[in-house]
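Per full-length UniProt numbering, residue 1 is the first one in the sequence shown, and the count goes up by one each step.
See below for the structure under consideration.
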Amino acid sequence: MTYKFIHTGDTHIGNVYKDKQRNDDIKRAFSELIDYAIDSKVDFIVHSGDVFDNGSPDINDLLFVTDQLHRLKEKNIKFFTVPGSHDVGVGEELSIVDLFDRNGLLVNLNSNKYMKKEGDRIHLSGITYLNAFIAGVRGKRSRVEDEIFKVLDVDIDQNAWIKIFVFHHTISALGETFKDLDTESLPKGFDYYAAGHWHGHRDNIPYNNGIIQYPGSTEYCDEKEIVSNPNRGFYVIEYSESGISSIRYQLLKTREKEIIYINADGKDQKQLKSEALSKFKQNDGKLLVVMVEGKMNGKRTELDIQDIKSNAKALGYSYVSVNISRLSDSDSENISIKSENISDIEDEFLSAKGYSKKEVEFAHLIIDSVENGKELVGIKQKAVDIYDNQ
Numbered sequence: 001m002t003y004k005f006i007h008t009g010d011t012h013i014g015n016v017y018k019d020k021q022r023n024d025d026i027k028r029a030f031s032e033l034i035d036y037a038i039d040s041k042v043d044f045i046v047h048s049g050d051v052f053d054n055g056s057p058d059i060n061d062l063l064f065v066t067d068q069l070h071r072l073k074e075k076n077i078k079f080f081t082v083p084g085s086h087d088v089g090v091g092e093e094l095s096i097v098d099l100f101d102r103n104g105l106l107v108n109l110n111s112n113k114y115m116k117k118e119g120d121r122i123h124l125s126g127i128t129y130l131n132a133f134i135a136g137v138r139g140k141r142s143r144v145e146d147e148i149f150k151v152l153d154v155d156i157d158q159n160a161w162i163k164i165f166v167f168h169h170t171i172s173a174l175g176e177t178f179k180d181l182d183t184e185s186l187p188k189g190f191d192y193y194a195a196g197h198w199h200g201h202r203d204n205i206p207y208n209n210g211i212i213q214y215p216g217s218t219e220y221c222d223e224k225e226i227v228s229n230p231n232r233g234f235y236v237i238e239y240s241e242s243g244i245s246s247i248r249y250q251l252l253k254t255r256e257k258e259i260i261y262i263n264a265d266g267k268d269q270k271q272l273k274s275e276a277l278s279k280f281k282q283n284d285g286k287l288l289v290v291m292v293e294g295k296m297n298g299k300r301t302e303l304d305i306q307d308i309k310s311n312a313k314a315l316g317y318s319y320v321s322v323n324i325s326r327l328s329d330s331d332s333e334n335i336s337i338k339s340e341n342i343s344d345i346e347d348e349f350l351s352a353k354g355y356s357k358k359e360v361e362f363a364h365l366i367i368d369s370v371e372n373g374k375e376l377v378g379i380k381q382k383a384v385d386i387y388d389n390q
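Next up, the structure:
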């Protein structure tokens, strides 16, 4: 007997973009995944966090996900997940995922049913379904600490044909700069580590006697992903009594994309705009990123980015971004950054720009709230606390 399941994650249903068409693209990718699951008669789906992009999703997004999960339930395809960092509101313990769990539309592997505190330790029991043992730990918000993994005891079903651990963290094996968890902190004894949070696609990371797999997000969630990631998709895994028999990556349909690089050295804003417009072509809904790099004549602020975008949109591009992060001018100053940790990089940069310690801490407060798509709830009081305590 052979069973088949899908490993996906980071679907980010919600207002990822300010553009409705792109947010609809994200929903379309989720629908396509559900279509595949039903048409291919998979036995269950493992989702490694961030079903939603926001812990308080819009009612239309809630209804959309409800409809999609109902489609799975009608076909007896279970949906196992853990809350991701975006699924949980700031300062909250319960997640929007709990609502769907209580209504029987998915299984929250991180609920109190499977995770219990016992003294100084945390006991994780998991669930065995179709001879697969599945357990998981939810993601936290930015700058995750791995304290929970240091006190975690997992009661693994040793009779299961496959042992799956679901988590939503960026591990050190992907690089030290953006890690929020040391790889060695993961519990041992699993065959398949269903990872999420990292939006890039990475396979076959060896760990203990198993492998760690990152399927990546199901759609491009920002400009960086459009530029850096070649495709979007999910894993399809088959297993039997002898273990995992096959793993393959199933591509999802995404819009065509076009990346244009413009060397700004010695050019003024009129020349840069003219060069950009000369490269645009009539099309039917492509994603466009214009990377302007180098040192221009005049000031960066003189470059009319909105006009460039408008011209591109008129030619049919569905999404347009003009990136000037590597564009400098005669007024620009070079700042040397030595740190590797992202939080320390922010500290160094802001300090080099002349901001005080209080202002840097306040900036971190805003970054931590905004980067996960949350409103700045209680920001005023938190700001007062920062300034009163220094």
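Ideal Cβ positions, reconstructed from N, Cα and C, are used throughout, including at glycine.
For residue i, the three-state DSSP class (helix, strand or coil)
i	result
Y36	helix
D153	strand
A29	helix
D191	coil
R326	strand
E258	strand
L62	helix
N15	coil
V166	strand
L174	helix
K4	strand
D24	helix
V51	coil
V42	coil
G9	coil
residue 393	Since the first and last residues shown for the chain are 1 and 390, residue 393 lies out of range.
E184	helix
Beta-carbon proximity check, residue i vs residue j, cutoff 8 Å
i	j	result
H12	Y235	no
L287	K257	yes
residue 417	D58	Residue numbering for the chain in the displayed model covers 1 to 390; residue 417 lies beyond these limits and cannot be assessed.
D265	R300	no
T183	Y207	yes
Q269	G298	yes
L33	T218	yes
A132	I164	yes
N323	V360	no
V151	D120	yes
F100	G136	no
V88	G55	yes
A276	V290	yes
L272	L315	no
T254	Y220	yes
D43	K4	yes
F52	H86	yes
Cβ-based neighbour list, residue i, same chain, cut-off 6 Å, excluding 5 preceding and 5 following
i	result
T2	E238, S240
R138	V82, P83, N110
D203	Q213
S172	K179, D182, T183
K188	N208
H123	K116, D153
I226	Y220, K257, L287, V289
M296	A264, K267, D329
T128	D157, A160
K75	I38
I211	N204
Whole-angstrom C-beta distance between residue j and residue i, which should lie under 8 Å
i	j	result
S318	Q21	5 Å
K279	I260	5 Å
F79	V107	7 Å
Y192	L186	Not a contact, Cβ separation roughly 12 Å.
I162	G285	About 40 Å; that fails the 8 Å criterion.
Same chain, Cβ closer than 7 Å to residue i, neighbours up to 5 away in sequence not counted
i	result
A37	I6, I45, L72, I77
L174	W198, R202
G9	H47, S48, G49, D50, G196, P215
K313	V320
N283	L315, G316, Y317
D19	Y319
D331	K299
D25	E219, R255
Same chain only: Cβ atoms within 8 Å of residue i, ignoring 5 sequence neighbours per side
i	result
S245	T2, E238, Y239
N23	G14, N15, V16, Y17
K228	In the sequence under discussion, the amino acid at residue 228 is Ser, which differs from the Lys named in the question. Excluding sequence neighbours, S228 sits near G200.
L251	N231, R232, G233
Legend entry - Residue ranges of each beta strand (DSSP E) within the region 217-246, 3 or longer: The beta strand (DSSP E) runs of length 3 or more contained entirely in the region 217-246 are, from start to end of the chain, 233-240.
Inset, instruction - Kindly provide the ranges of any alpha helix (DSSP H) runs that are 4 or more residues long and lie completely inside the region 65-129, ordered along the chain. - result: 96-102
Inset, instruction - Within the region 262-320, note down every full beta strand (DSSP E) run reaching 3 residues or more, in order along the chain. - result: 287-295
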